[in-house]
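Structure first, then comments.
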Amino acid sequence: MTDHLPGRHMAAEIDQQPAIFADLVSRRSSIAAVAEAIRDRRPRFVLLAARGSSDHAAIYAKYLTEVLLQLPAGLVSPSTTTLYGAQPDLRDVLVVSVSQSGGSPDLLEVTQSARARGALTVAVTNTSDSPLNGAAELSVDVGAGVEQAVAATKTYSATLLALYLLVDAIRGGNGAAVEGLGDLARSTLDNSADAVAEAVQRYRFVDRVLTTGRGYSLPSALESALKLAETSYLAARAYSGADLLHGPVAAVDGETAVLAVTSAGKGGEAMHDVLDVVHGRGADVLAVGSAADKVAAALRIPVAETAEEVAPILEILPVQRLAHGLALARGGDPDSPRGLNKVTRTR
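The sequence shown: position 264 = 264 (the UniProt record's numbering), numbered continuously.
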């Protein structure tokens, strides 16, 4: 008997997410305390620092910040600090460093530098005793538990939820939009299982995938491309639906598989025209999301409907299952993709 069945850890961690969401929502008060400290400092704008999957979570937080808080937000380029030694004036700025491990040297240096330059620093990590937590003035514990598969699943989605709870509390919200999210996550995983299995069979031999979304769902498209690339070694590229029409659509043809993330709300509505063009060029479209049945597609994967700003937490779940299934169907082990480690150390 083998010690390790391929994909065992990733499958288990995908399945743990409903319980993780329920637990995180129940711990909302600890995140609200961090939010109160932030609100008291009245930041002028927000900077977010992250890498990899956490960078996609940071982009989600950027949308939340600009739309729900009406504050300008941007993404930090860590190399401006680590390689070029830039020391901008960061007084009255909130710097949020997002890292599942809290162990990336470049994010640690960015956080230390930002705090020294006057920023209010917050670490959002899944490792409460990490160096990043020690460097930041405030911290939010994602609380997803140890993740053994190399590909991030539960830590990514739990980070999204933690960031939502933080931003919602800063604006004075009570977390109402995520009440019962654990149950919705369970129903999403259960109700999408057959469509995911069909998608695995349909796309197991594809070599090139384009992922796309708009608004809050853009981070989901980015994360989908990363998951497919790192687990199944697919040539996967993500585009905003708007950017897709500005040139890359010329490369779309009948040999192109397109994974379109489209949920109820303004972002999903903005995808209609995009997917009409893509579908017209002969692409094989897989639509994922609560509005998947409203767009032109060859196959659809349903997701439970929520407020639009919460949708990314759920819509990534069946894509994780898809990435897991495709990796196995293509003879790989999604727990241990070749050439990858759990913590990537960059500077």
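No residue lacks a Cβ here, since even glycine has one placed at the ideal position from N, Cα and C. The model shown is predicted, which means the values in this text are computed figures rather than measured ones.
For arginine 300 and tyrosine 156, the gap between their C-alpha atoms comes out near 23 Å. Glutamate 309 sits buried, since 16 or more C-beta atoms from the chains shown fall within 10 Å of its C-beta.
Relative to histidine 4, the option among Ala149, Gln100, Asn133 whose CA is nearest is Ala149. About 11 Å separates the beta carbon of leucine 275 from that of alanine 291, a gap too long to meet the 8 Å contact definition. Contact between the stretch 228-237 and the stretch 185-193 is not established, with fewer than three Cβ pairs separated by less than 8 Å. Taking each of Gly175, Thr111, Ala323, Leu69 in turn and checking the Cα distance to alanine 229, the smallest one comes out for Ala323. Bridge pairing for phenylalanine 45: Val93 [DSSP]. Taking a C-beta distance under 9 Å as the contact criterion, valine 140 and isoleucine 31 qualify as a contact pair. For alanine 158, the uninterrupted alpha helix (DSSP H) run begins and ends at 154-170, by DSSP. Here DSSP, grouped into helix, strand and coil, assigns proline 18 to helix. By the neighbour-count criterion, in which 16 or more other beta carbons inside 10 Å mark a residue as buried, glutamate 255 falls on the exposed side. When rounded, the separation of the alpha-carbon atoms in alanine 35 and arginine 91 is 18 Å. Arginine 42 counts as exposed, since fewer than 16 other beta carbons sit within 10 angstroms of its beta carbon.
Annotated three-state conformation of proline 318 is helix, per DSSP. Our two residues, glutamate 137 and alanine 250, have alpha carbons roughly 48 Å apart in a direct line. DSSP places proline 302 inside the beta strand (DSSP E), whose first and last residues are 299-302. As computed with DSSP, arginine 208 is found in a beta bridge with Ala235. Within the same chain, Glu13, Ile14, Gln16, Gln17, Ile20, Ala144, Gly145, Glu147 come within 8 Å of lysine 154 by CB-CB distance, once the 5 residues on both sides are set aside. If the five residues before and after histidine 9 are omitted, its C-beta is found closer than 6 Å to the C-beta atoms of Gln148, Ala149, Asp335, all from its own chain and listed in chain order. Note that the stretch 210-222 does not touch the stretch 165-185; fewer than 3 beta-carbon pairs, one per stretch, sit closer than 8 Å.
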